[in-house]
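Below is one structure; the comments refer to it alone.
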Amino acid sequence: MKNLGRTLAIVWRIAVPYFRSDDRWPGRILLAAVIAIELAIVAINVLLNQWYQRFYNALQERNWDVFVSELTYFSVIAAIFIVLAVYQLYLNQWLQIRWRAWMTRRYLGEWLHSANHYRMQLLGDAADNPDQRITDDVKLFVDRTLNIGIGLLSSLVTLGSFVVILWGLSAAAPLHLFGVAYDIPGYLVWGALVYAIIGTLLTHLIGQPLIQLDFMQQRYEADFRFNLVRVRENAEQIALLQGEAAERGQLLRRFGSVVDNWIAIMIRTKKVTAFTASYSQASTVFPFILVAPAYFAGKIQLGAMMQTASAFGSVQGALSFFVSAYRSLAEWRAVVIRLEGFEAAIAHAEALPGASDSIKHVTTTDKAISVDDLLIKLPTSVPLVAANAIELRAGERTLIKGPSGSGKSTLFRAVAGIWPFGSGTVRIPADARLMILPQRPYFPVGSLKAAVAYPSEVGELGEAAIRSAIETIGLPALSDRLDEETHWNARLSLGEQQRLGLARALLHRPDYLLLDEATASLDESAEAELYGRIIEKLPTTAIVSIGHRSTLEAFHQREITLVRDAASPNLYQVTDSAQVKKAAE
């Protein structure tokens, strides 16, 4: 009961915001229509229950006129039922897609907001495979919440409607045992209640492990899919290393987890199905067993017995809602737990930048980026880089040097505001535009012009400017392929990707351009040529480079070095040479 209450509280917290959103009125109207149709269907079932008595009595009495009249009545009721059932499904699906669209926009907005997705990845929170959360889990949550909610409402209304009928039938058809009549008020209701309670308890005991199994199945499926995508994205390196056998083995091991967990689900589902199928079949004859003695004793007619069986089935079905829907309930609860974990991970990552023990970013009227008492830590709280009173001045070119693993790239991330772990302050000039180019730039799948213009729209920059930038960085052959759509990270060499990354910088003209070994895959002559063009085209841009080649020194006016701290071997101190060199022409 405690777990059920917690699950319902989570569902309420996740579901209610939609019905208070900008799309609330269409959502409320559709939900009200679906509920109204469900209530109408219950009312039709009540009418059909009464029809059973009249129809079967007409058969028993061989009354042709009543028989024809009741068939006509049934045809009208059945036609109305069909129309209601069709439109209930249609409106339910319409509500589902609107609700799902709203949740998808919400989760995408919270996940892809101010580097939150990156911080979630660093934290390694419970929200593994966000793609699966936003696609499969949101879809299942909306579908199961609506169907289970409407099903539960239908069961409650059905129970309230048919208990009255069944109670009255209990008085009309008293319990007969061994030729003796027993006047037990509402004995048919109590029989349905006891039958349903026993069935629900046994179903829960048998099927409870399905909740955790469903949770793990979704995780194993997502992990397997994620690693298949990784193989596709790294096909070249795998082929060069002849790693197909190793990858195949890893993928088969992950798929083995999918299969093993699925077999466990099969075994548990078989047990649940065996019980629920037996329970369902027994429920068909159980009411006849209770009222047949009264029928054979001549106390009731055939119509009353059939009406009793129908009413008993409706009451027993309503009381046994959890038995019939247990498989869906188990899957639904697993989905709810996964979405709760995803929301918690989003909230945790969002809270990091504002935490008291995180790096603070403030705007300033100065013309330089500055850091004060900056201590960058790993997510495990291990200190990595310390820097104080360091400035990156506008229009100046600075080279950052240090051993591999000393935290140079992490220093860039801290300056850019996506690395919260640590303490101290980073001051950024107001309205300053920063761009970081990593060693392997990212290009979205699509046209070449859209890939280079990213994250701006092509229309904001213009095709002529994009073509000029591509030619400037030395890829004139690509300037005629602006409309070609493909996976550019897979089609181009790393050197070509790095050139296109520099073309992106030329287009966006940032105030501060941070190059994280962004030319490492180019030879020294090509690197020198590109640096010369960047300096020429972006004369007022502050360029900060991470690199290991000594040839880079000629293009920078100043050097900053990360040196291992003697007292703490895991910590690197940022030292400024304060030596301004003459600009390279």
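Under the working numbering, the residues of the sequence shown are numbered 4 to 588, in order. Cβ coordinates follow ideal geometry from the N, Cα and C atoms, glycine included.
Ala18 and Ser286 have their C-alpha atoms roughly 35 angstroms apart. Your pair Val294 and Thr311 checks out as a contact, with CB atoms roughly 5 angstroms apart and the cut at 8 angstroms.
The C-alpha of Thr279 lies about 34 angstroms from the C-alpha of Met106. Per DSSP, reduced to three states, the secondary structure at Ala557 is helical. The three-state secondary structure of Gln576, taken from DSSP, is strand. DSSP places Val262 within a helical segment (H, G or I) once states are collapsed to three.
For Leu355 and Tyr93, the gap between their C-alpha atoms comes out near 44 angstroms. Judged by DSSP in its simplified three-state form, Val192 adopts helix.
Three or more Cβ pairs drawn from the stretch 555-565 and the stretch 393-402 lie within less than 8 angstroms of each other, which places the two stretches in contact. With three or more CB-CB distances shorter than 8 angstroms, the stretch 161-168 counts as touching the stretch 36-53. The three-state reading of DSSP puts Tyr534 in helix, counting H, G and I together. Here Asn573 is exposed. Its C-beta has fewer than 16 other C-beta atoms within 10 Å. Three or more Cβ pairs drawn from the stretch 540-549 and the stretch 516-527 lie within less than 8 angstroms of each other, which places the two stretches in contact. Between Gly410 and Val388, the C-beta spacing is below 7 angstroms. Scanning its chain for C-beta atoms nearer than 8 angstroms, with the 5 sequence neighbours on each side dropped, one finds around Leu231 the residues Leu254, in chain order. Looking from the CA of Leu98, the closest CA among Ile153, Val45, Leu505 belongs to Ile153. Of the residues Glu463, Ser317, Leu414, the one whose Cα lies closest to the Cα of Pro441 is Leu414. Here Gln319 is buried: its Cβ has 16 or more other Cβ atoms, across all protein chains shown, within 10 Å. The three-state reading of DSSP puts Lys380 in strand, counting E and B together.
Across the structure, Thr475 and Arg16 are spaced so that their CA atoms are roughly 53 angstroms apart.
Comparing C-alpha distances from Ile393 to each of Pro406, Leu541, Leu377 shows the shortest one belongs to Leu377.
The beta carbons of Thr554 and Pro513 sit about 24 angstroms from each other, so the pair does not count as a contact at 8 angstroms. Assigned with DSSP and collapsed to three states, Glu334 falls in helix. In this structure, DSSP gives Leu517 an extended state, which the three-state scheme calls strand. Judged by DSSP secondary structure, Gly425 falls within the beta strand (DSSP E) whose first and last residues are 425-432.
Membership of Pro386 in the beta strand (DSSP E) is indicated by the continuous run 386-390. Taking the C-beta atoms as reference points, Thr138 is found no nearer than 7 angstroms to Ser317. Membership of Glu64 in the alpha helix (DSSP H) is indicated by the continuous run 27-64.
With a 10 Å radius around the Cβ and a threshold of 16 neighbouring Cβ atoms, Leu437 comes out buried. DSSP lists Thr428 as the beta-bridge partner residues of Asp375. In this structure Gln221 is buried. Its beta-carbon is surrounded by 16 or more other beta-carbon atoms within 10 angstroms.
Put simply, the stretch 81-88 does not touch the stretch 339-352. Fewer than three CB pairs are less than 8 angstroms apart. When rounded, the separation of the alpha-carbon atoms in Ala358 and Gln124 is 18 angstroms.
No Cβ-Cβ contact shorter than 7 angstroms links Arg330 with Thr10. With respect to the C-alpha of Val145, the residue from Gln96, Gly127, Glu113, Trp193 having the closest C-alpha is Gln96.
Approximately 7 angstroms separates the beta-carbon atoms of Glu236 and Ala493; this is inside 8 angstroms, confirming the contact.
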